[in-house]
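Student:
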Amino acid sequence: MKYLILLFFVCTFAFGQSETPYPQDYFRNPLDITLVLSGTFAELRSNHFHSGLDIKTQQRTGLKVYAAAQGYVSRIKISHYGYGKALYITHPNGYVSVYAHLSKFSPKIQKYIKACQYEKESYEVEMFPSPDELPISSDEVVAFSGNTGGSGGPHLHFEIRDNEERPINPMLFGIDIKDTKSPFLLAAYAYPKDRNSHVDDEKNRKELRLIPNKNGDYSTEPIEALGDIGFGIVSYDQQDLANNKNGVSNIQTFYNGNKSFEMDFKRFSFSESKHINRFIDFEVFKEKKSRIQKLFVQSGNTLSMLKDVDSYGYIKVEDSTNTVYKVRIRDFKGNESWLTIPIKGRPAKEILEAPELKPDHFIYADQVNELESENISVYFPKQSFYEDFYIDFGVDSDTLKLHRDVVPMLKSYTITYDVSSYSEEDKSKLFIAKLYGYYKNPSYISTKRLGDKLSARTKSLGTFALARDTVNPTIIPINFQDGKWLSKLNYLKVKIDDDLSGISNYRATINGKWILMEYDYKKDTLTYDFDDNVNTETENNLKIIVTDNVGNSTTFEATFFRK
Ligand SMILES: [Zn+2]
């Protein structure tokens with residue numbers, strides 16, 4: 002027994018040395034509150050793995066954000082969507098720390114950004130300051146936490162990237178979260194690989210009933226199977242100080258004690274993040290919003306987080322055998338849960354196979370594929386898909402049915418409508434829309450017009466149609482009225498909205514001079530900060546022009562007084 006314990010420690014030490022060459026205690030907690038996470042590194046998100054930690058900010062914005070270490074601001078990006086207001090600091094050791102969804106920056110950084118925004122006359126900007134422009138000392142407050150961009154609630158998105166822009170789990174650098182709970186398992190599935198394999202006489206994905214054990218582990222009733230079988234699980238992890246369902250850190254599988262698969266969620270490249278839709282069961286995700294992680298590797302899935310995969314993670318079940326398949330799910334702190342699946346090998350009983358419906362159109366993944374009807378054509382570049390499949394393609398007047406949105410895609414493709422049968426006036430108001438849900442709600446997809454052709458590029462299948470937007474955007478003042486004194490106001494705020502095609506751009510001036518208005522698409526607001534000091538007159542003319550995606554535009558004007 003003593004010998005075993007000693008061996009264990011030696012191994013752990015060796016493991017620690019080779020797996021974590023990351024400097025410890027170099028990066029500090031970027032906030033001055035206890036770290037509580039609403040999102041862990043590499044957890045499963047829509048079309049990507051999460052590239053950092055989401056740190057909870059007590060349901061508030063405006064918390065001081067500290068530089069994780071000394072360095073210089075190497076990149077600033079302000080966008081309406083995505084990261085919102087984001088700051089990148091490069092450190093002398095080559096790592097880059099990233100802070101996103103910020104509400105604002107420290108005065109010296111804010112000044113630097115505003116100069117650029119006023120020069121470019123754009124809220125959305127991207128800057129790459131040189132090392133001597135914005136040096137940052139350790140513990141310097143660089144920004145304030147917020148909820149900008151595609152953030153669903155106040156939090157700080159924090160990343161550490163290496164010198165090749167690859168995100169790494171910041172917890173590998175010693176940033177610590179209290180976590181004593183083991184990961185949870187919500188569901189398990191078996192996947193017969195081909196027509197020669199089965200699970201309980203089924204040839205398709207089969208959900209297995211989970212039996213929770215007293216010690217927190219799980220098992221299933223024995224399954225009867227034969228041939229090559231893969232498995233999938235739905236799992237999450239919870240830390241001690243919050244109820245958020247976060248991602249796990251590592252999944253391993255063992256067949257009769259031999260490791261057959263490992264997914265290690267510690268670092269990845271942005272270029273491979275799209276393969277998440279190959280890693281999860283994309284069809285189930287699209288239809289039920291549940292993310293089954295497939296514990297086997299299918300063609301084209303080149304995720305570097307997949308390690309030591311034997312036989313692509315599939316197991317081979319032989320006739321008349323009793324075997325055991327196990328899954329080990331771990332969080333970053335090493336808390337673990339096990340799933341045990343006993344397997345009896347036997348041939349399938351007679352299986353009545355449903356005749357497969359084969360539409361006329363076949364997609365060859367390694368070729369260019371073109372589909373055409375009278376007025377609509379679809380162009381898929383090579384390698385738009387992971388595998389060949391029968392695509393359901395149908396056109397009914399202006400409605401294009403392009404399969405269902407259940408096939409993971411690797412590239413954008415082009416849909417083109419011939420609109421020569423429409424009047425000139427109609428043509429200028431038409432756009433290509435994707436139809437969502439039971440009510441087929443049209444949603445604008447970026448549409449270009451060239452003569453009689455409208456074309457749009459998109460990266461998901463589904464149902465599409467032509468839609469017409471003839472209604473101008475609306476602009477409504479929120480905190481002021483035309484012709485009034487506004488000396489006490491700190492901000493000018495208006496609400497802007499557009500039916501159907503959505504807002505494409507806006508431009509605001511005071512007395513003819515461009516002013517910076519921040520667009521919050523979640524609140525439909527434009528905000529001007531009087532601290533920008535663009536207006537120096539007593540009587541001022543505010544003018545805002547908002548244009549939608551087909552070119553309908555609205556001009557709002559108001560006079561206000563200020564001293
Ligand atoms: Zn995040």
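Just so you know, we're using my numbering here: the sequence shown kicks off at 2 and counts up by one. Note that CB positions come from ideal geometry on N, CA and C, so glycine has one too. Just so you know, these numbers come straight off a predicted model, no measurement behind them.
Can you tell me whether DSSP reads Pro567 as helix, strand or coil?
Tutor: Nothing about residue 567 can be read from this structure; the chain reaches only from 2 to 564.
Student: Have a look at Leu135 and Tyr414 and give me their C-alpha separation to the nearest angstrom.
Tutor: Taking the straight line joining both Cα atoms gives about 41 angstroms.
Student: What residues in its chain sit with their C-beta under 6 angstroms from that of Arg162, if we drop five residues either side in the sequence?
Tutor: Val97 and Pro168, listed in sequence order.
Student: Less than 8 angstroms between the C-beta atoms of Asn48 and Lys275, yes or no?
Tutor: In contact: Asn48 and Lys275 (Cβ atoms closer than 8 angstroms).
Student: Is it right to say Ser573 is buried, meaning 16 or more other beta carbons lie within 10 angstroms of its own, or is it exposed?
Tutor: Because the chain is modelled from 2 through 564, residue 573 falls outside the range shown and cannot be assessed.
Student: Verify the contact flag: Asp55, CB atom, against every heavy atom of ligand 1, threshold strictly below 7 angstroms.
Tutor: Within the cutoff, so yes.
Student: Find the nearest neighbour of Tyr124 within the set Phe159, Asp530 and Asp549, judged by alpha-carbon distance.
Tutor: Residue Asp530 is the option with its Cα nearest to Tyr124.
Student: According to DSSP, Glu125 sits in a beta bridge with which residue or residues?
Tutor: Glu125 pairs with nothing; no bridge assigned.
Student: With a Cβ-Cβ cutoff of 8 angstroms, do Ile56 and Tyr73 count as a contact?
Tutor: Going by C-beta atoms, Ile56 is not nearer than 8 angstroms to Tyr73.
Student: Evaluate the contact criterion for the stretch 179–190 versus the stretch 328–336: three or more CB pairs, one atom per stretch, below 8 angstroms.
Tutor: Verdict: yes, contact present.
Student: For Ile607, collect the residues of the same chain with a Cβ closer than 7 angstroms to its Cβ; drop the 5 residues on either side in sequence, then sort them by chain order.
Tutor: No statement about residue 607 is possible, as the shown extent of the chain runs from 2 to 564 and does not include it.
Student: Which stretch, first to last residue, makes up the beta strand (DSSP E) that contains Arg279?
Tutor: Per DSSP, Arg279 belongs to no beta strand (DSSP E); it is in the alpha helix (DSSP H), Ile277 to Phe280.
Student: Exposed or buried, Lys564, counting other C-beta atoms within 10 Å across all chains shown (16 or more means buried)?
Tutor: Result: exposed.
Student: Please tell me whether, using a cut-off of 7 angstroms, the distance from the CB of Gly147 to the nearest non-hydrogen atom of ligand 2 is below it.
Tutor: This structure simply doesn't include ligand 2; it includes ligand 1 instead.
Student: Indicate the three-state DSSP secondary structure (helix, strand or coil) for Met306 in the structure shown.
Tutor: Met306: coil per DSSP, three-state reduction.
Student: Just tell me which of Val99, Asp483, Arg210 and Gly452 has its CA closest to the CA of Tyr423.
Tutor: Of the listed residues, the one whose Cα sits closest to Tyr423 is Gly452.
Student: For my contact list, Ser152 and His81 are in at a C-beta cut-off of 8 angstroms; report their separation, rounded to the angstrom.
Tutor: Ser152 to His81, Cβ: 12 angstroms. No contact.
Student: Can you tell me where the beta strand (DSSP E) holding Lys287 begins and where it ends?
Tutor: That residue, Lys287, is in no beta strand (DSSP E); its alpha helix (DSSP H) goes Phe283 to Lys289.
Student: Taking 8 angstroms as the threshold, find out whether the stretch 243–257 comes into contact with the stretch 35–43 through three or more Cβ pairs.
Tutor: Result yes; three or more Cβ-Cβ pairs closer than 8 angstroms.
Student: For Leu54, I'd like the list of residues in its chain whose CB is within less than 7 angstroms of its CB, leaving aside the five on either flank, ordered along the chain.
Tutor: For Leu54, where only same-chain residues beyond five positions count, the Cβ hits under 7 angstroms are Leu38, Gly40, Thr41, Phe42, Phe159 and Pro171.
Student: Taking the alpha carbon of Lys430 as the reference point, which residue from Pro443, Leu403 and Leu467 has its own alpha carbon closest?
Tutor: The residue with the shortest Cα to Cα distance from Lys430 is Leu467.
Student: Report whether the distance from the Cβ of Gly95 to the nearest heavy atom of ligand 1 is below 7 angstroms.
Tutor: Incorrect: Gly95 has no Cβ contact closer than 7 angstroms to ligand 1.
Student: Let's see if you can read the secondary structure: which residues bound the beta strand (DSSP E) around Asp427?
Tutor: Segment Glu425 to Lys428 is the alpha helix (DSSP H) holding Asp427; no beta strand (DSSP E) there.
Student: Using only CA atoms, which one of Phe386, Ser312 and Pro130 lies nearest to Lys109?
Tutor: Ranking Phe386, Ser312 and Pro130 by Cα distance to Lys109 puts Pro130 first.
Student: Would you mind sorting Val551 into buried or exposed? The rule is 16 or more other CB atoms within 10 Å of its CB.
Tutor: Result: buried.
Student: Buried or exposed for Tyr365, please, with buried defined as at least 16 other CB atoms from any protein chain shown within 10 angstroms of its CB.
Tutor: Exposed, because fewer than 16 other Cβ atoms sit within 10 Å of the Cβ of Tyr365.
Student: Using the three-state DSSP reduction, which class does Leu64 fall into: helix, strand or coil?
Tutor: DSSP places Leu64 in coil when its eight states are reduced to three.
Student: How many angstroms separate the CA atom of Gly301 from the CA atom of Tyr313?
Tutor: One C-alpha to the other measures close to 12 angstroms.
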